[in-house]
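Quick notes on the structure that follows.
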Amino acid sequence: MSNDVHQGSCHCGAVKFEVRSVLTPAARCNCSLCRRKGALMSPLFPAAGLTIIQGEDALTLYQFNTRVARHYFCKHCGIYPFHQTRKDPLLWRVNIGCLDGVDPYSFDAGVNDGASLSTVILEDA
1 MSNDVHQGSC HCGAVKFEVR SVLTPAARCN CSLCRRKGAL MSPLFPAAGL TIIQGEDALT
61 LYQFNTRVAR HYFCKHCGIY PFHQTRKDPL LWRVNIGCLD GVDPYSFDAG VNDGASLSTV
121 ILEDA
């Protein structure tokens with residue numbers, strides 16, 4: 001896919017955004033948060049590639065571990081549309097499942113080793 005502009009939103013539509021990014025190679029992450037949310041993410045793109053069109057006030061921020069990565073969720077429906085990465089805070093990823101007209105199940109996806117970036121050891125219950 002090309003570096004086109006894609007429209008997206010959370011589930012309830014309170015947050016609407018557009019992103020200028022390629023969508024492949026798509027990826028998942030094995031860190032403790034991403035493993036649980038299960039989202040398919042776009043490749044890295046610069047912050048200038050993301051524009052929040054509506055609902056910035058509907059976003060809530062979640063940070064954990066080193067508190068460098070910034071994961072955003074809609075505070076109404078709980079959907080994760082995008083995040084600022086820990087590996088390079090100038091780069092972002094978008095949840096491909098939030099993009100209009102894009103089938104996230106049609107992508108092959110690798111797994112990023114986000115778990116190795118943890119500085120705090122988390123034990124699974």
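56 is the number that UniProt numbering gives to position 56 of the sequence shown; each next residue is one higher, with no gaps.
Don't be surprised by glycine CBs; every beta carbon is placed ideally from N, CA and C.
Buried or exposed for residue i, going by 16 or more other Cβ atoms inside 10 Å?
i: glycine 13; result: exposed
i: arginine 36; result: exposed
i: proline 81; result: buried
i: isoleucine 53; result: exposed
i: asparagine 95; result: buried
i: residue 139; result: Only positions 1 to 125 of the chain appear in the structure, and residue 139 is not among them; the question remains open.
i: threonine 85; result: buried
i: alanine 48; result: exposed
i: residue 189; result: Since the first residue shown for the chain is 1 and the last is 125, residue 189 is missing from the structure and cannot be characterised.
i: serine 21; result: buried
So residue i and residue j are supposed to be a Cβ contact under 8 angstroms. How far apart are they, rounded?
i: cysteine 98; j: glycine 8; result: 4 angstroms
i: proline 89; j: valine 68; result: 6 angstroms
i: cysteine 77; j: cysteine 34; result: No, cysteine 77 and cysteine 34 are not in contact; Cβ-Cβ is about 19 angstroms, not under 8 angstroms.
i: phenylalanine 17; j: leucine 44; result: The Cβ separation is near 17 angstroms, so there is no contact.
Task: 4-residue-minimum alpha helix (DSSP H) runs that sit fully inside the UniProt domain "CENP-V/GFA" (6-108), ordered along the chain - done: 32-37
Open item on the list: Is it the case that the stretch 90-108 contacts the stretch 55-67, given that we only count it when at least three CB pairs across the two stretches are under 8 angstroms?
Closed with: no
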